[in-house]
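J.: Going by the working numbering, the sequence shown opens with residue 36, and the numbers climb by one from there.
Note that the Cβ used here is the ideal one computed from N, Cα and C, for glycine as well.
Predicted model, so just to flag it, every value in this text is computed and none were measured.
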Amino acid sequence: MLKKNQVIEGRCTDYTYNGLGVVKYDTFCIFVKDMAIDEIGQIKITAVRKDFCYGRLLKIIKPSKQRVDPKC
């Protein structure tokens, strides 16, 4: 069972309809802002619901090939 403020490591596998990254952890789906598909990141759980959680990306451990640095 995940708890609020717990820090985990996970891989983003998909996007939601509103652009949040989907990370699967045990039986939970964790929705994370600013995470791209195939990225591995350190995630802090910010809210826990019955079947899913929301998290915040703390650190990118392995960036996705889709991620690009801005030119400016």
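In this structure, how does DSSP classify C47 when only helix, strand and coil are distinguished?
T.: In the sequence shown, the residue the question calls residue 47 occupies position 12. Residue state, collapsed to three classes: strand.
J.: Quick check on the DSSP output: the beta strand (DSSP E) that includes K97 runs from which residue to which?
T.: One-based indexing of the sequence shown puts residue 97 at position 62. Segment F87 to K97, the beta strand (DSSP E) holding K97.
J.: What three-state label does DSSP hand Y60 in the structure shown?
T.: Position 25 of the sequence shown, counted from the start, is the residue given in the question as residue 60. It is a strand residue.
J.: Can you list, in chain order, the residues of its chain with a C-beta nearer than 6 Å to that of R91? Leave out the 5 residues immediately preceding and following it.
T.: By 1-based counting over the sequence shown, the position of residue 91 is 56. So the qualifying residues of the chain are K79 and T81.
J.: What are the partner residues of G76, as DSSP defines its beta bridges?
T.: The residue you call residue 76 lines up with position 41 of the sequence shown. Answer by DSSP bridge pairing, in chain order: G45 and I95.
J.: Closer than 8 Å by C-beta to Q101: which residues in its own chain qualify, once you throw out the five before and the five after it? Chain order, please.
T.: Working through the sequence shown from its first residue, we reach residue 101 at position 66. Cβ within range, chain order: A71, I72 and D73.
J.: For the candidate residues D104, Y52, I43 and M36, whose alpha-carbon lies nearest to that of L93?
T.: Locating residue 93 in the sequence shown gives position 58, where the first residue counts as 1. Checking every option, the nearest Cα to that of L93 belongs to I43.
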